[in-house]
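Reading through the structure tokens given below for one structure.
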């Protein structure tokens, strides 16, 4: 809280020790929901794929490659030009794009009648303007997003009514079916490289070193642990008069060493894609110490990680590219799975769908909050005094009564007592000092004894004792009573079964998560504490 520097300067000159000790008053008493672990600085989480993309970008740039964006939507003719006789097999794995045709819309007398029935107003004199709107839409001069707005403008109605007219009067729109085009979503980054190089290979100084990391789309039989319909390709090209397989090996090593791979093996790829020169298509195997002894099929540390080759002049000639081109590519998801230890690409890419939601004990502890909290500094002081008085006299035999606080609240005199009126018991029940702890995904209310020592050392405590949470509730009720002009208030807690019984709460999402993970919330215990307040 704000303090007076002059006061502390003067006090420290008179009695430094006393000034130093009185510094505690600056801290005051905080709202219990504004103390650790209920407050904390959250950190956003990077997606492993995009983190790997960023690392790959830096890795390519570090070895002298410049970044470009290749076309992602391409005519199927490019696949035919690049793959030759293989084109049909490749196109079988491409997604073709389709679009809705723009219908011919006529304005008949029946439609005019329906429009007038919906709008409850005459259309007379507006038919030609309405027909013009549909004509311009058919020609592509009007976007679909603007159609209802322009209809509303012509008919002098609101947008919602215009949408209703489109739906009920013009079934031509409702019955439209997509018409396929010759446009495809890029299935290989190679498709984009030929288009890009056709524009720059004869203009830029050699060597040309470019990379692109972007999405590709492939029509698989289905998505599984190793395949997705959409994936990221990290691809590069090296254009020069003298380019060969050794350049591919050198680029692969320089790129992958930056990710911890130490040794490399190169094998001819048996697939022999026709856009590569024969015997240049090469698989890159790399050794990573992190894989050694793992439960994967790569327990020897070796994994196929990339492929490169030299583009065939038969394909390059289709684009008037007259220099040899080395192309290397790797799947970003495959690399990310190695780096971050995933065995299922779906769980890595779509953790919100296929993965396992994981919350730490700290995450759960942070979500446990005090439900009713005093709203004034005096109320917080009353709560603190109740807790201190109860703990100090917890085992006192009953009947008994202890003054916890005496002072002013909202201009009224207030006395607060911790009491137990029954005979042959104690001021507080056995569970008054139980503390709320999160341990291995479960919530417990337990005392700080030897039996539960490991729970406190290995779990995360909320720092909330039962008597603390109850004291906040009692102080809040005393505040409310003082505001309402009541002269006496009594607040008590007996057997605790749930968090709410002890003035604590947890968000439903956290509760569901705990139960979903097989955890539990066990805060049962006899507290038996009573607080009375006299207000005058």
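In my numbering, the protein residues as written are -1 to 534. Glycine is no exception: its CB is placed at the ideal position from the N, C-alpha and C atoms.
Rounded C-alpha distance that separates residue i from residue j
i, j, result
"residue 149", "residue 116", "13 Å"
"residue 253", "residue 178", "40 Å"
"residue 165", "residue 171", "7 Å"
"residue 62", "residue 316", "28 Å"
"residue 296", "residue 268", "21 Å"
"residue 320", "residue 278", "18 Å"
"residue 466", "residue 17", "30 Å"
"residue 517", "residue 437", "9 Å"
"residue 36", "residue 286", "41 Å"
"residue 114", "residue 106", "12 Å"
"residue 92", "residue 357", "39 Å"
"residue 513", "residue 428", "28 Å"
"residue 433", "residue 47", "41 Å"
"residue 90", "residue 228", "15 Å"
"residue 41", "residue 355", "16 Å"
"residue 214", "residue 185", "5 Å"
"residue 200", "residue 206", "10 Å"
"residue 313", "residue 128", "52 Å"
"residue 409", "residue 482", "13 Å"
"residue 192", "residue 515", "51 Å"
"residue 522", "residue 451", "18 Å"
"residue 260", "residue 100", "58 Å"
"residue 529", "residue 400", "10 Å"
"residue 120", "residue 144", "23 Å"
"residue 69", "residue 344", "26 Å"
"residue 221", "residue 519", "38 Å"
Burial state of residue i, where buried means 16 or more other Cβ atoms lie within 10 Å
i, result
"residue 223", "exposed"
"residue 142", "exposed"
"residue 304", "buried"
"residue 246", "buried"
"residue 331", "buried"
"residue 7", "exposed"
"residue 346", "buried"
"residue 309", "buried"
"residue 439", "buried"
"residue 1", "exposed"
"residue 28", "exposed"
"residue 76", "buried"
"residue 33", "exposed"
"residue 24", "exposed"
"residue 58", "buried"
"residue 198", "exposed"
Own chain residues within Cβ distance below 6 Å of residue i, not counting five before or after
i, result
"residue 112", "167"
"residue 426", "388, 392 and 527"
"residue 26", "-1"
"residue 333", "50"
"residue 302", "281 and 283"
"residue 359", "436, 457 and 458"
"residue 404", "413"
"residue 385", "465, 466 and 469"
"residue 462", "434"
Neighbourhood of residue i by C-beta distance below 7 Å, restricted to the same chain and skipping five residues each side
i, result
"residue 479", "487, 531 and 533"
"residue 146", "157, 160, 161 and 164"
"residue 370", "470, 471, 474 and 501"
"residue 54", "211, 232 and 330"
"residue 299", "285, 286, 287, 289 and 290"
"residue 67", "210 and 212"
"residue 132", "103"
CB-CB length for residue i against residue j, believed under 8 Å
i, j, result
"residue 407", "residue 485", "Not really, about 13 Å apart at Cβ, beyond 8 Å."
"residue 402", "residue 383", "5 Å"
"residue 280", "residue 242", "That belief does not hold up - the Cβ atoms of residue 280 and residue 242 are roughly 11 Å apart, past 8 Å."
"residue 258", "residue 288", "7 Å"
"residue 188", "residue 72", "Between residue 72 and residue 188 the Cβ distance is about 11 Å, and since that is not below 8 Å, they are no contact."
"residue 65", "residue 209", "6 Å"
"residue 255", "residue 283", "With a Cβ gap of about 14 Å, residue 255 and residue 283 do not count as contacting."
"residue 430", "residue 464", "6 Å"
"residue 98", "residue 174", "5 Å"
"residue 364", "residue 31", "So it is not a contact: roughly 10 Å between Cβ atoms."
Neighbourhood of residue i by C-beta, 8 Å cutoff - its chain only, sequence neighbours within 5 removed
i, result
"residue 96", "176, 177, 178 and 179"
"residue 102", "136 and 170"
"residue 239", "204, 321 and 322"
Cutoff 8 Å: residue i Cβ touching any chain B Cβ
i, result
"residue 462", "Absent from the structure: chain B. Only one protein chain is present."
| request: Evaluate contact between the region 323 to 330 and the region 224 to 242, counting only Cβ atoms and requiring at least three cross-stretch pairs below 8 Å. | output: yes
| task | Please confirm if the region 466 to 480 is in contact with the region 369 to 376, defined as three or more CB-CB distances below 8 Å between the two stretches. | result | yes
| So, do the region 76 to 95 and the region 139 to 154 have three or more beta carbon pairs nearer to each other than 8 Å? | no
| said: Would the region 418 to 428 count as touching the region 505 to 521 if we require 3 or more Cβ pairs under 8 Å? | reply: no
| message | Could you check whether the region 348 to 356 touches the region 442 to 460, counting it as contact only if at least three pairs of C-beta atoms, one from each stretch, sit closer than 8 Å? | response | no
| query | Do the region 448 to 462 and the region 491 to 499 make contact, defined as three or more Cβ pairs closer than 8 Å? | reply | no
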